[in-house]
Structures are given as C-alpha cells and as structure tokens.
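As numbered in my numbering, residues 1 to 289 make up the sequence shown, in order. What follows is a single structure, written as structure tokens, with notes after it.
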Amino acid sequence: MNSKDIVYVNGSFVPRAEARISVEDRGFVFGDGVYEVLRVVNGRPFAARFHNDRLKRSLEGVRISLAAGDSPESLTEIARQLLRENGLLEGEATMYMQITRGVATRAHNFPTPDVSPTIYISVARFAPYSDLARNGAPVITHPDLRWGRCDLKTLNLLPNVLASQTAKERGAFEAMLIRDGVVTEGTKTNFFGVVDGSLRTHPSDTHILPGITRSVLRDLARQVNIDLDETPILSDEIPRLSELFLTGTTTDVMPVVRLDDKPVGKGKPGELTKRLQKVLADSLASGGD
Ligand code: PDD
Numbered sequence: 001m002n003s004k005d006i007v008y009v010n011g012s013f014v015p016r017a018e019a020r021i022s023v024e025d026r027g028f029v030f031g032d033g034v035y036e037v038l039r040v041v042n043g044r045p046f047a048a049r050f051h052n053d054r055l056k057r058s059l060e061g062v063r064i065s066l067a068a069g070d071s072p073e074s075l076t077e078i079a080r081q082l083l084r085e086n087g088l089l090e091g092e093a094t095m096y097m098q099i100t101r102g103v104a105t106r107a108h109n110f111p112t113p114d115v116s117p118t119i120y121i122s123v124a125r126f127a128p129y130s131d132l133a134r135n136g137a138p139v140i141t142h143p144d145l146r147w148g149r150c151d152l153k154t155l156n157l158l159p160n161v162l163a164s165q166t167a168k169e170r171g172a173f174e175a176m177l178i179r180d181g182v183v184t185e186g187t188k189t190n191f192f193g194v195v196d197g198s199l200r201t202h203p204s205d206t207h208i209l210p211g212i213t214r215s216v217l218r219d220l221a222r223q224v225n226i227d228l229d230e231t232p233i234l235s236d237e238i239p240r241l242s243e244l245f246l247t248g249t250t251t252d253v254m255p256v257v258r259l260d261d262k263p264v265g266k267g268k269p270g271e272l273t274k275r276l277q278k279v280l281a282d283s284l285a286s287g288g289d
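Right under this line is the structure:
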C-alpha cells in the first residue's frame with residue numbers, strides 16, 4: 001500500500017478507508033461489472049491503448065454504457081492522476097479500474113430507468129515475481145469450469161478464485177485450465193507451450209481472455225522471428241511439452257518448470273521462454289507502445 005492511498009470512486013478522490021459503495025451495487029450483488037488491470041513502469045501505463053480497447057469491448061459485451069464524457073481513455077487519465085496523488089510516478093505500480101452496472105434494488109434484469117455505472121479506480125505499488133521469473137513456477141492442471149464468454153473481462157471470477165485457491169493449497173503458483181481436453185488459459189494468465197519444437201497458444205476466441213501481454217508478446221515474437229502457432233495445446237500433448245510459460249500483466253513471461261508435480265522438459269526455464277522473457281522485459285523497460 002502507498003502512504004497516501006487515495007482512490008477514485010464515482011467522481012471523487014478519497015482516502016481508501018473512506019471510499020464507500022452501496023450494498024445494492026450490482027457489482028457486489030451480482031458480480032455485474034467489468035475491470036482492467038494495467039502495469040505501470042515509471043509513471044507510464046504499459047500498452048494503455050490495448051487495455052482501453054479491451055475495456056471498451058468488455059463494456060459493450062455486457063451492455064454497460066459509461067456516462068457521457070467518460071471513456072476508457074478518461075478513466076486511464078484519472079488513474080494517472082492517482083499515480084501522482086499517491087507518489088507512484090517512479091518504479092513499478094499497477095492500475096485497477098472497475099465499472100459496475102450501478103446501484104439498484106435487487107432484480108436480475110437491468111435497472112429501469114437506467115442508473116449510472118459505478119466507477120472505482122485505484123493504484124498500488126507492485127513488486128514483480130523476480131524469483132519465480134528466474135527459476136520458474138510450479139503449476140497444476142484444473143478443469144475449466146467457467147462460462148462461454150471468457151473473452152470478456154468481467155467481475156464474475158468465482159471459478160478462477162476456486163482454481164487459484166486449489167493451486168495455492170497444492171503449493172503451485174497458478175492453475176492451467178483444461179476444457180474438453182484443451183488447455184485454455186490460467187486463472188489470471190495465458191499459457192504458451194512448446195510441443196515438438198513449435199510454440200503454441202490457444203487462439204483468441206470466447207474460451208480465453210485476449211491477454212494484452214499475450215498479444216504484445218505475439219508481436220514481439222514476430223519481430224525476432226519466433227513463429228507462434230495459435231493452435232491450442234491438447235491435454236494429451238502435455239507429456240510432450242519441452243517448455244511451458246504463462247503471461248500476464250502482473251506475471252510478465254513466467255517459466256513453468258513443474259506441472260502437477262512433474263518436471264516440464266528439463267525442469268528448468270527453457271531457451272525460447274528465456275528469449276521471450278527478455279524481449280518482453282526490454283519492451284516494458286522502454287515503455288512499450
Ligand atoms: N488478469 N487470462 C485471465 C483469465 C486473466 O484474468 C488475465 C489477467 C490474463 C492475462 O491478461 P493480461 O496480459 O491482459 O494481463 C489472462 C489480471 C491481471 C487480473 O485479473 O488481475
């Protein structure tokens with residue numbers, strides 16, 4: 001936590017402890033909302049344009065309209081102001097933005113007449129997972145029990161929460177989710193693996209979140225002549241994985257060296273993984289887009 005800890009709620013900048021949201025907020029009652037998490041390096045949000053586009057898509061996907069004058073861009077601007085207010089213009093930080101459908105007496109259908117969406121934005125100091133990045137992380141496999149629109153970044157995260165907790169209880173960093181014999185993604189990350197020499201990841205469809213780190217890395221891989229095949233890894237192919245890694249805003253490229261208590265490949269970070277880790281780290285350090 002930062003010393004001042006000022007957050008933004010519905011038009012006001014307030015100390016976190018004084019921030020208030022109604023118990024009838026649909027985010028609280030139904031998980032009826034969307035969110036974004038951005039990485040900030042020395043005051044610059046990384047790949048902000050991509051996050052803004054994804055937020056727009058998520059809002060449209062769940063049919064929440066921002067008030068006139070608000071936009072993903074204006075919310076990012078508010079988050080920048082929070083960085084200044086909280087003294088986070090240097091070093092690593094994250095921005096969190098959440099928009100819910102607003103406050104209304106409980107009813108599943110949308111409120112009539114319309115209510116204003118609730119907007120909550122906060123920033124925090126961030127410490128990258130340096131040890132796991134260097135040595136690799138243990139991961140478990142877990143059934144993907146989520147709904148059919150995983151491409152929208154919604155607050156409905158219960159299957160992710162439960163799988164993540166199972167991973168933690170088994171001493172793992174993340175759960176790699178499997179739906180119908182196909183590796184989809186993690187609870188908060190996307191997965192990439194090397195099978196028979198080719199780098200593969202799940203295509204961008206309704207079964208995964210289109211990760212910003214995933215798409216930045218895809219472009220960076222192309223620039224350094226690494227082919228990426230967007231064909232999902234099948235659970236039957238798991239024993240043939242020579243490398244495995246996960247990506248995300250808060251995880252960067254993180255090697256996975258153990259899966260369900262068995263070594264992946266040689267049981268240490270693979271060469272391709274390390275190359276991609278470096279190109280992403282360089283991009284982050286230089287401010288990305
Ligand atoms: N999670 N898949 C899921 C299900 C995610 O929740 C996330 C991000 C990702 C990676 O996306 P990106 O590269 O844009 O961070 C993939 C955020 C960080 C979170 O929920 O905290």
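Just so it is clear, CB atoms sit at the ideal spot from N, CA and C, and this is done for glycine as well.
A straight-line Cα-Cα distance of about 36 Å links Arg16 and Lys278. Note that the C-beta distance between Val37 and Ile21 is not below 9 Å. Closest by C-alpha distance to Gln98, out of Val7, Pro128 and Gln165, is Val7. A distance below 7 Å between beta-carbons, with the five flanking residues on each side excluded, links Ala19 to the following residues of its chain, in chain order: Val7 and Val9. When DSSP reads this structure, Tyr120 sits in a beta bridge with Val9 and Gln98. When secondary structure is reduced to three states using DSSP, Asp131 falls in the helix class. Taken in chain order, the complete beta strand (DSSP E) segments of 3 or more residues contained in the segment 157–183 are 174–179. Taking 8 Å as the upper bound for CB-CB distance, His142 and Ala175 are in contact here, some 4 Å apart. The shortest CA-to-CA distance from Ser74 to any of Gly11, Leu88, Arg275 and Asn42 is the one to Gly11. Exposed is the label assigned to Arg222, since fewer than 16 other Cβ atoms lie within 10 Å of its Cβ. In the DSSP assignment, Val34 falls within the beta strand (DSSP E) that extends over Gly33 to Val41.
In the structure shown, the three-state DSSP call for Ala137 is strand. DSSP, reduced to helix, strand and coil, places Arg63 outside both helices and strands of the structure shown, so it counts as coil.
The alpha-carbon separation between Ala67 and His51 amounts to approximately 19 Å. Per the C-alpha coordinates, the member of Val41, Arg179 and Phe30 positioned closest to Asp282 is Val41. Membership of Val257 in the beta strand (DSSP E) is indicated by the continuous run Asp252 to Leu259. Around the beta-carbon of Val253, 16 or more other beta-carbon atoms lie within 10 Å, marking it buried.
Taking 8 Å as the cut-off, one finds at least one heavy atom of the ligand PDD near enough to the beta carbon of Lys153.
Per DSSP, Asp205 has no beta bridge partner at all.
In this structure, DSSP gives Asp25 an extended state, which the three-state scheme calls strand. In this structure, Thr250 has its CB closer than 8 Å to one or more heavy atoms of the ligand PDD.
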